[in-house]
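Colleague: Following this message is one structure expressed as structure tokens.
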Amino acid sequence: MDISIVVPLYNEEESLPELTDWIRRVMHQHNFSYEIILVDDGSNDKSWKVIQDLKLQHEEIIGIKFRRNYGKSAALNIGFNAAEGDVVITMDADLQDSPDEIPELYDRITNQGADLVSGWKQKRYDPITKTIPTKLFNAVTRNMSGIHNLHDFNCGLKAYRKDVVKSIEVYGEMHRYIPVLAKWAGFKNIQEQIVQHYPRKYGTTKFGPGRFVKGFLDLLSIFFVGKFAKRPMHFFGPIGVLSFMVGFVITCYLIFEKLMSIANHTPYRNITDQPLFYLSLVAILIGTQLFLTGFIAELVSRNSTERNKYHIEKVI
Ligand code: UDP
Ligand code: MG
Numbered sequence: 014m015d016i017s018i019v020v021p022l023y024n025e026e027e028s029l030p031e032l033t034d035w036i037r038r039v040m041h042q043h044n045f046s047y048e049i050i051l052v053d054d055g056s057n058d059k060s061w062k063v064i065q066d067l068k069l070q071h072e073e074i075i076g077i078k079f080r081r082n083y084g085k086s087a088a089l090n091i092g093f094n095a096a097e098g099d100v101v102i103t104m105d106a107d108l109q110d111s112p113d114e115i116p117e118l119y120d121r122i123t124n125q126g127a128d129l130v131s132g133w134k135q136k137r138y139d140p141i142t143k144t145i146p147t148k149l150f151n152a153v154t155r156n157m158s159g160i161h162n163l164h165d166f167n168c169g170l171k172a173y174r175k176d177v178v179k180s181i182e183v184y185g186e187m188h189r190y191i192p193v194l195a196k197w198a199g200f201k202n203i204q205e206q207i208v209q210h211y212p213r214k215y216g217t218t219k220f221g222p223g224r225f226v227k228g229f230l231d232l233l234s235i236f237f238v239g240k241f242a243k244r245p246m247h248f249f250g251p252i253g254v255l256s257f258m259v260g261f262v263i264t265c266y267l268i269f270e271k272l273m274s275i276a277n278h279t280p281y282r283n284i285t286d287q288p289l290f291y292l293s294l295v296a297i298l299i300g301t302q303l304f305l306t307g308f309i310a311e312l313v314s315r316n317s318t319e320r321n322k323y324h325i326e327k328v329i
């Protein structure tokens with residue numbers, strides 16, 4: 014199979030018939046063999062009913078229904094697991110992304126060596142309250158991830174070589190950082206394609222303003238996960254040891270000073286009367302704590318493989 018199109022959706026009943034028609038038209042024009050995987054992320058409108066009707070008409074549609082709303086990342090993840098095409102395309106259900114872009118995306122993967130192609134909605138139809146934070150978000154992500162050629166990490170329209178989606182796990186709010194996950198997994202050829210963006214035709218956005226805070230915290234976690242998930246001791250250990258050493262050296266100095274005073278018969282203060290003593294005590298305690306935190310994190314990290322837990326209600 015050439016292409017799997019994965020569409021995560023949450024309450025998108027009005028858009029689905031139009032979207033699948035549009036995709037099918039493009040697929041037939043280019044003679045692609047394909048499947049459309051519609052992942053109903055626990056919608057409470059008629060989306061699932063619409064998917065069932067579409068399935069009756071078109072056998073290349075696969076419907077997966079979550080028992081409740083688990084979020085876009087979980088929906089993409091289940092779609093990635095199910096996908097069988099050589100190239101996997103993701104797109105939003107709300108008709109903001111255009112299926113007309115798929116042939117070029119496909120070509121970049123199959124003929125131009127790309128592992129992942131990320132869409133760039135250069136001209137967007139979103140309110141300014143969204144476009145400005147988005148610019149900032151992308152600049153931060155670009156610099157932190159070292160993927161300097163992407164402008165629109167969160168674009169719903171992306172294409173992947175099959176190996177990529179089978180090698181990564183999308184969880185939490187990580188759907189915004191799939192290129193970063195791919196880079197961490199060792200895929201180097203990450204490309205960008207300018208894509209059309211349309212205003213949302215039906216319904217409203219499913220993400221509130223909290224998206225940027227959540228997204229930023231996830232970005233931080235991705236770096237810690239990427240760098241230290243397997244060896245948390247490598248993060249906590251050195252800081253802990255350093256802090257412990259500082260405390261230890263100060264204590265030695267205080268003892269040395271006191272012994273010198275005794276030997277020279279000069280007056281001295283009790284060690285416990287000196288502020289420095291308390292500083293060293295704190296440093297030793299913090300150092301020990303950090304070291305133990307690292308130790309516990311090492312134990313935990315060996316058992317933390319289960320991130321995605323979701324319940325599928327139906328598959329058609
Ligand atoms: N979506 C989803 N689960 C959710 C929220 C959103 O599957 O919990 C889907 C949604 O139906 C759409 C895509 O993710 O197909 C992008 O969502 P939306 O259009 O609301 O985001 P925006 O375009 O405002 O960034
Ligand atoms: Mg949208």
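Take the sequence shown: its letters are residues 14 to 329, numbered as in the working numbering. Using N, Cα and C, we set each Cβ at its ideal position, and we do this for glycine too.
Going by the CB atoms, is the gap between residue 101 and residue 173 shorter than 8 Å?
Modeller: Yes. Within cutoff.
Colleague: Helix, strand or coil for residue 122? Go by DSSP, reduced to three states.
Modeller: DSSP places residue 122 in helix when its eight states are reduced to three.
Colleague: Pick out every residue whose C-beta is nearer than 6 Å to a heavy atom of the ligand UDP: which are they, in chain order?
Modeller: Any residue whose Cβ sits closer than 6 Å to a heavy atom of the ligand UDP makes the list: 21, 22, 23, 25, 54, 82, 84, 85, 88, 105, 106, 107, 109, 169, 218, 219, 220.
Colleague: Which residue's Cα is closest to the Cα of residue 197: 182, 207, 92?
Modeller: Nearest of 182, 207, 92 to residue 197, Cα basis: 182.
Colleague: Between residue 213 and the ligand MG, is the CB less than 7 Å from at least one heavy atom?
Modeller: Under cutoff, so the answer is yes.
Colleague: Measuring straight from C-alpha to C-alpha, what distance separates residue 115 and residue 259?
Modeller: If I take the Cα positions, the gap works out to 59 Å.
Colleague: On a CA-only basis, which of 169, 231, 59 is nearest residue 218? Give me that one, please.
Modeller: Measuring from the Cα of residue 218, the nearest candidate turns out to be 169.
Colleague: DSSP puts residue 79 in a beta bridge; with which residues?
Modeller: DSSP lists 325 as partners of residue 79.
Colleague: Sorted by chain position, which residues of the same chain lie with C-beta nearer than 8 Å to residue 282's C-beta, five sequence neighbours on each side aside?
Modeller: Result list for residue 282: empty, nothing under 8 Å.
Colleague: For residue 55, which of 81, 68, 119 has the nearest alpha-carbon?
Modeller: Residue 81 is the option with its Cα nearest to residue 55.
Colleague: Using three-state DSSP, classify residue 235 as helix, strand or coil.
Modeller: Three-state result, residue 235: helix.
Colleague: Quick one: what's residue 174 bridged to in DSSP?
Modeller: Residue 174 pairs with 100.
Colleague: Using 8 Å as the threshold, is the C-beta distance between residue 187 and residue 86 below it?
Modeller: It is a contact, given that the beta carbons lie within the stated cut-off.
Colleague: Is DSSP giving residue 159 helix, strand or coil here?
Modeller: Looking at residue 159 - three-state DSSP - the assignment turns out to be coil, as it is neither helix nor strand.
Colleague: From residue 220 to residue 84, what distance separates their C-alpha atoms?
Modeller: C-alpha separation (whole angstroms): 10 Å.
Colleague: So for residue 17, helix, strand or coil by DSSP?
Modeller: Residue state, collapsed to three classes: strand.
Colleague: Would you mind working out which of 37, 256, 163 sits nearest residue 73, comparing C-alpha positions?
Modeller: Of the candidates 37, 256, 163, the one whose C-alpha sits nearest the C-alpha of residue 73 is 37.
Colleague: Return the Cβ separation of residue 250 and residue 304 in integer angstroms, given the expectation that the two are a contact with Cβ distance under 8 Å.
Modeller: Going by Cβ atoms, the distance from residue 250 to residue 304 rounds to 6 Å, so yes, they are a contact pair.
Colleague: Enumerated in chain order, which unbroken segments of the beta strand (DSSP E) with a length of 3 residues or greater are wholly contained in the stretch 23–84?
Modeller: As far as the stretch 23–84 is concerned, its whole beta strand (DSSP E) runs of at least 3 residues are 47–53, 74–79.
Colleague: One question on the structure: do residue 108 and residue 211 come within less than 8 Å of each other, judged by their Cβ atoms?
Modeller: A contact, by the Cβ cut-off of 8 Å.
Colleague: On the DSSP bridge list, what partners appear for residue 186?
Modeller: None, per the DSSP bridge assignment.
Colleague: Starting from residue 300, trace the alpha helix (DSSP H) in both directions and tell me its first and last residue.
Modeller: Taken as a continuous stretch (DSSP letters only), the alpha helix (DSSP H) holding residue 300 covers 288–314.
Colleague: Reducing DSSP to helix, strand and coil, say where residue 111 ends up.
Modeller: In this structure, residue 111 counts as coil in the three-state DSSP scheme.
Colleague: Name the DSSP beta bridge partners of residue 210, please?
Modeller: Paired residues: 110.
Colleague: Between which two residues does the beta strand (DSSP E) harbouring residue 132 extend?
Modeller: Residue 132 -> beta strand (DSSP E) spans 129–133.
Colleague: Alpha carbon to alpha carbon, how far is residue 193 from residue 152?
Modeller: Rounded to the nearest angstrom, the two C-alpha atoms are 14 Å apart.
Colleague: Does the distance from the C-beta atom of residue 52 to that of residue 32 stay below 8 Å?
Modeller: Contact: no.
Colleague: Which stretch, first to last residue, makes up the alpha helix (DSSP H) that contains residue 191?
Modeller: From DSSP, the alpha helix (DSSP H) with residue 191 extends over 191–197.
Colleague: Would you mind reading off the limits of the alpha helix (DSSP H) that contains residue 275?
Modeller: Segment 246–277, the alpha helix (DSSP H) holding residue 275.
Colleague: Please state the DSSP three-state secondary structure of residue 145.
Modeller: Reduced to three states, the DSSP call for residue 145 is helix.
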